[in-house]
Amino acid sequence: MSKPLYRLHFHHQDKLYVVYARRVASSSIWGFIEVGELDFDTRQGVLVDPAEERLREEFADTKALHLPMHNVLRIEEVERRGTATIRDASETSRVITPFPIPRQN
1 MSKPLYRLHF HHQDKLYVVY ARRVASSSIW GFIEVGELDF DTRQGVLVDP AEERLREEFA
61 DTKALHLPMH NVLRIEEVER RGTATIRDAS ETSRVITPFP IPRQN
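According to the numbering used here, the sequence shown holds residues 1 to 105 in order.
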């Protein structure tokens with residue numbers, strides 16, 4: 001049986017990232033999610049997706065990501081891998097409502 005595949009949507013520096021990973025768990029660092037075994041399209045073909053290539057380069061030497069819980073929008077277990085992307089968060093702000101966080105006085 002193969003490992004499950006997860007699709008993660010998270011915010012980072014005014015960008016919305018969508019990545020695929022084989023391992024997702026609570027991090028040993030309080031308040032973080034640990035994401036490991038990032039899964040990128042490794043098919044060698046004529047078409048190269050620039051967003052996916054940029055993600056592959058950005059996370060090339062990454063063993064695990066420790067993402068703050070409040071930056072993670074959604075984690076889905078999926079059957080098939082789609083395209084990993086980076087988009088401006090402003091494009092999705094009208095579609096995604098952030099989790100309410102109490103105001104600090």
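For every residue, glycine included, the Cβ atom is placed at its ideal position computed from N, Cα and C.
Legend entry - Start and end residues, beta strand (DSSP E) containing P68: Where P68 is concerned, the enclosing beta strand (DSSP E) stretches over A64 to P68.
Inset, instruction - Can you have a look at R74 and say buried or exposed, based on whether 16 or more other CB atoms are within 10 angstroms of its CB? - result: Exposed.
Inset, instruction - Kindly give me the distance between the Cβ atoms of V35 and A84, rounded to whole angstroms, as I take these residues to be in contact under 8 Å. - result: Between the beta-carbon of V35 and that of A84 there is about 12 Å, and that puts the pair past the 8 Å contact cut.
Legend entry - Residue environment, A60, which counts as buried when at least 16 other CB atoms sit within 10 Å: A60 comes out exposed.
Legend entry - Proximity of L55 and F32 at Cβ, strictly below 8 Å: Their beta carbons are not under 8 Å apart, which means L55 does not touch F32 by this criterion.
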